[in-house]
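Protein chains in written order, with the numbering used here: chain A, 1 to 396; chain B, 397 to 792.
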């Protein structure tokens, strides 16, 4: 028999698989081009050409044992140095390779971080709506997830509600901006206020409260919006970064954790991240891709492709009566559902071959998430389906 | 403050780091070529040329979004199918892609497996000497490691002692052949006897006892020795495979778990491995290297290089009086120490610039591990140092 923890998770995951199977079933009936799958966050924009060039150069220039070999569990020192310099230049920080641990994507990074921080029963605060995996990551280390209810007018962190949730058990707060599922970019003002609240609570409680900023979507932003760099606002802060979306490399599992030098217990934490990377079985971030991204720090995917998708979908949905905040980042829209039951709404949408994810999966019922990292053509073709869906509920 | 679990681990890991720093210190004084570091299991034999060819072909032939994109958390279905066919042909089994989950090396594989199997307090049995990380992997999921004492004449699993250790709490048994640290390949007879004991105990206790064979060294064997394929001997068995050593790709984190179809709770277990891969933060085994190894299933590193190292080192050490079983696989020797205190012995060895790992780290004091995956030249140059060390204890 599988473990008790996994029993529940396997049951949940079969819902996701059911959605996937439904997509395949609909495709078989109506043709793949007539099924509008807005459920997956799999980047459709091509990785930059630099990736291929970098791989070839590395294979031709460096020794195979170096490229594919073991290194320090925290990653190649020269790669971490290059990343640190890049960050320093871009964000006017003052970090070195010692602040960085290369990780198997942001997911691997968050896990080694929570392994490092959490004793059983410690609390981790998230702001609804939030990426559902945070619940599992915290549960991996027997922490308790504490959910701050959403502010559904702005979808910025609800700071008033946060204050009441912080206790002596609070070990960490996770934020995610640009946000999955709303696409909202948290403003500098909110980051400053958040930092102030956490600092004051640390003083009041005599504890360290670590702020973890999960940033796989940092580079996927529109309208010249700036994403505040959290290390500059709060002492006890980490960033979990990933190249999954910024370079369209989600399958390669490459990212890093960066930590503020002056945080509480910095040395212990960095040592622990190194060991956690090893003992959780990551051992190290994949070696070739550590070297690849070091050669591609300035590279970017073509964000205008996502922006065009956002614009057509946002404009159309709001025109036909859906209420939705205009996202300035990531590749998600998070419209309100015309009925309170978002799960029922997603079921109904299937009759128009629309595959959507209920907001409940993100701790925010009454909404749906649309991943618009699909082709522009498919989005255009899906617009009539949304019209039919809207009509069903007389959204207007 | 870091978590209680990590506190102890960070303390232990600083011992390993101290060894590494000692190596650097000695190198600075005596020159790198005069320091004989037998402490690391980092393959020095080059990956086969096919790896580079396969990478180039894949980059030129397939779409970048497929190569570097997300796939099922268990891995690409076509890759798993190719591996299953390869296994079926080589070992006369009858498995499909459904029996396989691609993992971030064997370390990632063992972790998702233990996450799947263990409730807190469940026991996992290992045979001393054993790879020290098993203790950490089991501890990650609050299991209890139960150590069967070594049989230091053969270094095969001590089956008599095993019988007494099995209880209703026994969830799994881990074996590792070719073995780290002894290099011993477990015989077919021992595998048959082991399977018999486990089956009988399952019947007696009314439980399922899963056998996990950790096999990163399967292809690193000498003298035409055969490594029994455990799926054929025991129903409830898994193999954790890795390409780290067989193709010299340890940094790339690529391997798989294969499970017997007729095992207890097969469907639940495979679903759970899939979900565990996701929620522990691996998400999936690195995508490009899944496709690469699928093109290199017949490829091999040049094992004769390791064999030459084994022969010169084994012959010399036994000639000067060390007692050591002749290993038939992996790239380790595990000689007895002339004094009971193996840690003290390793300390003493440093005066001759020899870096060795005490057997205590593998649950088997009174021995040392030598990783001979270093250059032949360095091994030859180190022989006088071993002579001086032997003389110190008048080994002869």
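Where a beta carbon is used, it is the ideal one built from N, C-alpha and C, also for glycine.
Distance cutoff 7 Å, beta carbons only. Does residue i sit that close to anything in chain B?
i	result
residue 1/A	yes
residue 10/A	yes
residue 396/A	Per-residue confidence for residue 396/A stands at a pLDDT of 48, beneath the threshold of 50, marking its modelled position as unreliable; the derived number appears in the next sentence. No, its Cβ sits nowhere closer than 7 Å to a Cβ of chain B.
residue 27/A	no
residue 46/A	yes
residue 78/A	no
residue 286/A	yes
residue 268/A	yes
residue 305/A	no
residue 250/A	yes
residue 279/A	yes
residue 6/A	yes
residue 225/A	no
Check for me: the alpha helix (DSSP H) holding residue i runs from which residue to which?
i	result
residue 381/A	376-392
residue 450/B	445-457
residue 161/A	159-165
residue 123/A	Counting along the chain, residue 123/A falls outside any alpha helix (DSSP H), though it belongs to the beta strand (DSSP E) covering 123-127.
residue 534/B	529-536
What's the gap between the Cα of residue i and the Cα of residue j?
i	j	result
residue 407/B	residue 753/B	17 Å
residue 396/A	residue 390/A	Because residue 396/A sits at a pLDDT of 48, beneath the cut-off of 50, its placement in the model cannot be relied upon, and the following sentence gives the value as read from the coordinates. Looking at the two C-alpha atoms, the distance is approximately 8 Å.
residue 328/A	residue 133/A	23 Å
residue 126/A	residue 483/B	45 Å
residue 761/B	residue 547/B	12 Å
residue 535/B	residue 350/A	44 Å
residue 193/A	residue 231/A	14 Å
residue 119/A	residue 423/B	40 Å
residue 680/B	residue 494/B	16 Å
residue 447/B	residue 55/A	13 Å
residue 35/A	residue 727/B	54 Å
residue 471/B	residue 159/A	40 Å
residue 562/B	residue 551/B	20 Å
residue 492/B	residue 163/A	53 Å
residue 401/B	residue 540/B	14 Å
residue 100/A	residue 253/A	16 Å
residue 575/B	residue 621/B	13 Å
residue 135/A	residue 195/A	23 Å
For the beta strand (DSSP E) that residue i lies in, which residues bound it at each end?
i	result
residue 147/A	144-148
residue 207/A	First-last for residue 207/A: undefined, no H or E at that position.
residue 241/A	237-242
residue 218/A	No beta strand (DSSP E) holds residue 218/A; DSSP gives it neither H nor E.
residue 569/B	566-572
Does the Cβ of residue i have 16 or more other Cβ atoms within 10 Å, making it buried, or fewer, making it exposed?
i	result
residue 570/B	buried
residue 462/B	exposed
residue 686/B	buried
residue 677/B	buried
residue 382/A	buried
residue 271/A	buried
residue 25/A	exposed
residue 302/A	exposed
residue 106/A	buried
residue 524/B	buried
residue 426/B	exposed
residue 168/A	exposed
residue 184/A	buried
residue 640/B	buried
residue 719/B	exposed
Are the C-beta of residue i and some C-beta of chain A separated by less than 7 Å?
i	result
residue 466/B	yes
residue 528/B	no
residue 514/B	yes
residue 606/B	no
residue 594/B	no
residue 448/B	yes
residue 732/B	no
residue 531/B	no
residue 726/B	no
residue 775/B	no
Residue ranges of each alpha helix (DSSP H) run of no fewer than 4 residues wholly in the region 247-313 of chain A, ordered along the chain?
With a minimum length of 4 residues, the continuous alpha helix (DSSP H) runs that stay inside the region 247-313 of chain A are 266-279, 287-294.
Alpha helix (DSSP H) runs wholly inside the region 464-516 of chain B, at least 4 long, in chain order
473-487, 501-513
Sequence ranges, alpha helix (DSSP H) only - wholly within the region 327-352 of chain A, length at least 4:
Runs found: 342-349.
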